[in-house]
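Only one structure is covered here, and it is reproduced in the block below.
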Amino acid sequence: MNRFCIFVAIAISLSVPQLAFAQKKAVPPGKPATTHSHPSKGPHGGELVELGAEEYHVELVVQEKQNRVDIYLLDSNAKLPVAIDATFVALNVKLDAKPTQLKLLPVVQENEVAGMNSRFSLTSSELISALHSKGGDARITVKIGKKSYVVKLAHNHDHENHAKATSPTKR
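So the mapping is simple: our numbering equals the position in the sequence shown, first residue as 1, plus 1.
Structural data, given as structure tokens:
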């Protein structure tokens with residue numbers, strides 16, 4: 002009986018770290034998770050924005066003091082990263098009433114394959130101003146797999162939530 006308990010304890014202890022590692026694996030593009038359940042904030046504390054019919058999510062993290070915006074691509078449950086093969090993610094805004102496209106560049110994350118990224122970033126005081134501006138009309142454009150998504154952002158001025166989604170548009 003004692004040997005059986007030791008065997009079960011060893012089996013459980015060996016499987017737990019593997020389960021934890023499996024939960025951190027990125028979801029491949031084109032294979033959204035099947036269940037729907039996500040938090041109100043993203044894993045990095047940012048505002049969640051739905052892509053498509055909640056096929057994916059964008060987590061928008063605004064670092065006011067650093068004038069930096071980080072975008073994380075997440076699965077349908079807004080928990081696991083979704084790495085894409087892209088040299089940038091486009092953020093279209095109006096600066097001084099003039100349409101402008103800003104490019105958020107990839108930032109390599111731990112456990113990502115070279116050339117595949119789930120995080121994109123840009124340091125720009127103009128972008129921060131556009132997100133604060135009522136007429137900034139910020140829109141994220143991102144391609145995941147074979148599908149392009151465009152999502153309009155509206156800034157909340159309570160500084161608790163930095164962006165909220167309006168109706169997502171598919172291209």
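Every residue gets a Cβ at the ideal spot worked out from N, C-alpha and C, and that includes glycine.
Distance, Cα to Cα, Gly137 vs Ala115?
Cα to Cα, the separation comes out at about 34 angstroms.
Using a Cβ distance threshold of 8 angstroms, determine whether the region 58-70 contacts the region 121-128, with at least three qualifying pairs required.
Touching, yes.
Can you tell me which of Phe89, Lys147, Val59, Thr88 puts its alpha carbon nearest to the alpha carbon of Asp76?
Cα-wise, what sits closest to Asp76 is Val59.
In or out: Pro82 buried (at least 16 other Cβ within 10 Å) or exposed?
Buried, since its Cβ has 16 or more Cβ neighbours within 10 Å.
With DSSP collapsed to three states, give me the class of Glu65.
If DSSP states are grouped into helix, strand and coil, Glu65 belongs with coil.
Excluding the 5 residues preceding and the 5 following Val143 in the sequence, name in chain order all residues of the same chain whose CB lies nearer than 6 angstroms to its CB.
Result list for Val143: Val90, Tyr150, in chain order.
Sort out for me which residues DSSP pairs Ala91 with in a bridge.
BP columns for Ala91 point to Lys104, Thr142.
Residue closest to Arg140, alpha-carbon to alpha-carbon, out of Ser41, Glu51, Ala87
It is Glu51.
Applying the 10 Å Cβ sphere with the 16-neighbour rule, what's the burial state of Glu111?
Classification for Glu111: exposed.
Outcome for Ala54 when other beta-carbon atoms lying within 10 angstroms are tallied against a minimum of 16:
Ala54 counts as exposed, since fewer than 16 other C-beta atoms from the protein chains shown sit within 10 angstroms of its C-beta.
Three-state secondary structure (DSSP) at Leu52?
Leu52: strand per DSSP, three-state reduction.
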